[in-house]
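A short write-up of the structure that comes next.
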Amino acid sequence: TCWSSAWPALSTKSKNYSTDMLKTIRAHLINYRQLMRIMGWLLMIEAGFMLFPTLTSVAYGESDWLPFAGTSLLTGTVGIVLAFRAKPTSQHMGKRDGFLLTAMVWIVFSFFGLIPFLFCSNPLTYSDAFFEAMSGFTTTGASVINSVSDMSHGVHLWRAMMQWIGGMGIILFTLAVIPMLNHSGGMQMFNAEVTGITHDKIRPRISQTAKSLWLIYLLLTMVLILLLWAGPMSFFESVCHAFGAISTGGYSTNSSGVAAWHDSVYIKAVLIVFMFLGGVNFGLIYKTSRGDFAALRKNDVFRVYVTIIVGMLALFAGAILLRGQYDGWQSVTIDPLFQIVSTITSTGFTVNNFESWGPFVLSLTFVMMFFGSCAGSTSGGAKIDRILYLFKNADNELYRCLYPNSILSVKVNGRVISPDLVSKVIAFLCIYMLLIVGGGLALTLFNVPLVDAFFSSFSCLSNTGLGAGITGYGNSYDILPDAAKWILSALMLIGRLEIFTVLVLLTPSFWRR
2 TCWSSAWPAL
12 STKSKNYSTD
22 MLKTIRAHLI
32 NYRQLMRIMG
42 WLLMIEAGFM
52 LFPTLTSVAY
62 GESDWLPFAG
72 TSLLTGTVGI
82 VLAFRAKPTS
92 QHMGKRDGFL
102 LTAMVWIVFS
112 FFGLIPFLFC
122 SNPLTYSDAF
132 FEAMSGFTTT
142 GASVINSVSD
152 MSHGVHLWRA
162 MMQWIGGMGI
172 ILFTLAVIPM
182 LNHSGGMQMF
192 NAEVTGITHD
202 KIRPRISQTA
212 KSLWLIYLLL
222 TMVLILLLWA
232 GPMSFFESVC
242 HAFGAISTGG
252 YSTNSSGVAA
262 WHDSVYIKAV
272 LIVFMFLGGV
282 NFGLIYKTSR
292 GDFAALRKND
302 VFRVYVTIIV
312 GMLALFAGAI
322 LLRGQYDGWQ
332 SVTIDPLFQI
342 VSTITSTGFT
352 VNNFESWGPF
362 VLSLTFVMMF
372 FGSCAGSTSG
382 GAKIDRILYL
392 FKNADNELYR
402 CLYPNSILSV
412 KVNGRVISPD
422 LVSKVIAFLC
432 IYMLLIVGGG
442 LALTLFNVPL
452 VDAFFSSFSC
462 LSNTGLGAGI
472 TGYGNSYDIL
482 PDAAKWILSA
492 LMLIGRLEIF
502 TVLVLLTPSF
512 WRR
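For the sequence shown, this note's numbering assigns the number 2 to the initial residue and increments by one for each residue that follows.
Here it is, written out as structure tokens:
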């Protein structure tokens, strides 16, 4: 009798235990079928984007419509097969799934995105095409095309669109248009792709957050297109440069870049404003657009961002005057400010040969490339947030040298930062420096000059795309050997996904069940 009465409770407990065990096992296994299914949706989206350069080439009577149409058909077919043939038993996605999917998406998008470059009217080699595609999607802006002006309108638009898609994020766009991912690992994918240390949801659901961020991004892009079109640029040039500026990518439709409109103060002023906005946390822009101006005023990172730009302008202007290169008020105001904002936001637009301003200015350029802009923006670099954490922690440690028993904490934006997060920031910056050095050393193996090797490694990891020396003003990365281009492509991906998302895949513990 006792056993009969106890059995239902034991049976229920056993079932609950089995369910918990099953959930635990699933949490430690990678859900490959679900990953393939989501990858299929993403490829269908990429195929849809390819229709725009296809139609552009048709409108301008160019033969490049065929490579784009064929690539769109191929990409869409593969996407449909993956989305509807992969039938996952569970839609659960854990942290590891998010890391793996995020890294896979950027690589797969680049592999399909390079195909039009192989068959266009001015075809590239496979290594060059992959470099160009990866540089576009990661908004690095480094190019292997010697004469950009000779490329078709379809190719120009595709290069610009790659930057625009990658600026806010491929997966973030998918979260905005496929709300069901809100329930199947959306937060893991959001955290793995969006730049920054912490990722705050500005709306209750992750899909709502993605929609809000993309809406701000889209509106800024549309305003910039209209403003550029009101100047000396044509509508097509305005679209391509707007995509490159707000995404902080830096591709241009002209071989001379923005220098083709060097005489237009209006064009430079408009681009400065929107490159600056591209370097601001888009969550902060969203709050400000809703009337929360206090959030902007009280944000420590934003204040440091503005302070750095103002301070750099004073230093640049002083260096230009000391070298006797004063050539009117623009030479010490608009031109250096343009280069400063372009560099710190990792856009990479240039209006003149900034190397001619001297080694001091070039050194300051290195500093800005390392700092980057605000977390949660479209810019590259280590991000000002992390630098601020580092300096505040260093200040606390110096204070403890005098007062060992004091208890201090790092405080940013009115919030106390946990010691674990500070440790993660320090680890990130250490790995960041090691990657720059490792990348530079690897490039010297292929006879790339020492300074050029380290600058190229730094430029690609920070997603800036600026060149110096053999890849500098008037030149391209085409001069580098193919092996060097693959190394730099890997650095671009690691830099865009902020190191941990990619490097964690190389650890044995990630694949261990």
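Glycine included, C-beta positions come from ideal geometry on N, C-alpha and C.
Owing to the predicted nature of the structure, the values given are computational and were not obtained by experimental measurement.
Review point. Can you name the residues that DSSP bridges to ARG416?
Key: VAL413
Review point. Apart from the five residues on each side of it in sequence, which residues of its chain come closer than 6 Å, Cβ to Cβ, to PHE244?
Key: ALA161, GLN164 and TRP165
Review point. Under three-state DSSP, which class holds THR334?
Key: coil
**Study point:** Sequence-distant residues of the same chain with beta carbon closer than 7 Å to LEU158, five excluded per side
**Key:** Closer than 7 Å at Cβ, skipping near neighbours: PHE53, PRO54, THR57 and CYS241.
Practice item. Please determine, among PHE372, GLY155 and VAL82, the residue with the shortest C-alpha to C-alpha distance to LEU389. Key: Distances from the CA of LEU389 to each of PHE372, GLY155 and VAL82 were compared; the closest alpha carbon is that of PHE372.
Point to revise | N- and C-terminal bounds of the alpha helix (DSSP H) containing ALA484 | key: 483-497
**Study point:** ALA295 versus HIS154, LEU30 and GLY415, residue with shortest Cα-Cα distance
**Key:** GLY415
Review point. Do the region 456-465 and the region 341-351 touch if we need at least three Cβ pairs shorter than 8 Å?
Key: yes
**Study point:** Inter-stretch contact at 8 Å, needing at least 3 Cβ pairs: the region 96-106 / the region 72-84
**Key:** Not touching, per the Cβ criterion.
Check your understanding: If we call anything under 7 Å between Cβ atoms a contact, is VAL145 one with ASP479?
Key -> Taking a C-beta distance under 7 Å as the contact criterion, VAL145 and ASP479 qualify as a contact pair.
Practice item. Given a cut-off of 7 Å, decide if SER490 and ASN147 are closer than it, judged by their beta-carbon atoms. Key: no
Check your understanding: Taking the C-alpha atoms as reference points, what is the distance between ALA28 and GLN92?
Key -> The pLDDT assigned to ALA28 is 47, lower than 50, so where the model puts this residue is not dependable, and the model offers no usable value.
Exercise for review: Identify, in the order they occur along the chain, each residue of the same chain with its Cβ nearer than 6 Å to the Cβ of GLY137, setting aside the five sequence neighbours on each side.
Suggested key: ARG160, MET163 and GLN164
**Study point:** Exposure of LEU395, with buried meaning 16 or more beta-carbon neighbours within 10 Å
**Key:** Reading the sequence as shown, one finds Ala at residue 395 and not Leu. The residue is exposed, with fewer than 16 neighbouring Cβ atoms inside 10 Å.
Review point. In chain order, what residues of the same chain lie with their CB nearer than 7 Å to the CB of PHE237, ignoring the 5 residues before and after it?
Key: HIS154
Check your understanding: Buried or exposed: ALA231, going by 16 or more other Cβ atoms within 10 Å of its Cβ?
Key -> With fewer than 16 other Cβ atoms within 10 Å, it is exposed.
Check your understanding: Below 7 Å between beta carbons: does that hold for ALA260 and VAL362?
Key -> no
**Study point:** Cβ pair THR139, MET493 closer than 7 Å
**Key:** yes
Point to revise | Reference ASN255; option with closest CA among LEU74, SER150 and SER424 | key: The option with the nearest alpha carbon to ASN255 is SER150.
**Study point:** Alpha-carbon to alpha-carbon, PRO337 and GLY319
**Key:** 11 Å
**Study point:** Length of the line joining the Cα atoms of VAL368 and GLY382
**Key:** 10 Å
Practice item. May I have the straight-line CA-CA distance separating LYS270 from TYR287, to the nearest angstrom? Key: Just to set this straight, residue 270 is Ala in the shown sequence, not Lys. Spanning the two alpha carbons is a distance of roughly 23 Å.
Check your understanding: Near THR175, what residues of its chain come up, given a Cβ to Cβ distance below 7 Å and the 5 sequence neighbours on each side ignored?
Key -> Excluding five sequence positions before and after THR175, the CB atoms of its chain that fall closer than 7 Å to its own CB belong to TRP42, LEU43, ILE46 and LEU182, given in chain order.
Point to revise | Beta-carbon proximity list for SER332, same chain, < 7 Å, skipping 5 on both sides | key: ILE321 and GLN326
Point to revise | Buried versus exposed call for VAL392 [16 or more other C-beta atoms within 10 Å across all chains shown] | key: The sequence as given places Phe at residue 392; Val does not occur at that position. Answer is exposed; the Cβ neighbour count stays below 16.
Exercise for review: Grab me the residues of TRP215's own chain with a C-beta within less than 8 Å of its C-beta, minus the 5 sequence neighbours each way, in chain order.
Suggested key: MET169, LEU173, PHE174 and ALA177
Exercise for review: Measure the C-alpha to C-alpha separation of THR2 and THR90 and round it to an integer number of angstroms.
Suggested key: Its pLDDT being 48, under 50, THR2 is placed unreliably in this model, and the coordinates cannot settle the point.
Review point. Can you tell me the Cα-Cα spacing of SER457 and VAL342, whole angstroms?
Key: 20 Å
**Study point:** Close-in-space but distant-in-sequence residues of the same chain around GLY440 (CB under 7 Å, 5 per side omitted)
**Key:** Excluding sequence neighbours, GLY440 sits near SER458, LEU462, ILE488 and LEU492.
Point to revise | Host alpha helix (DSSP H) of PHE69 (start-end) | key: 66-86
Review point. Is it true that the CB of CYS375 sits closer than 7 Å to the CB of TYR306?
Key: yes
**Study point:** Pair within 7 Å by beta-carbon distance, PHE275 and ILE309
**Key:** no
Review point. So what's CYS121 in DSSP terms, helix, strand or just coil?
Key: coil
Practice item. Grab the span of the alpha helix (DSSP H) containing TYR287 for me, first residue to last. Key: 283-290
Exercise for review: Along the alpha helix (DSSP H) that carries VAL59, what are the first and last residues, could you check?
Suggested key: 33-60
**Study point:** Neighbour-count burial assignment, THR76, 16 or more Cβ in a 10 Å radius
**Key:** In summary, THR76 is buried, with 16 or more beta-carbon neighbours lying within 10 Å of its beta-carbon over all protein chains present.
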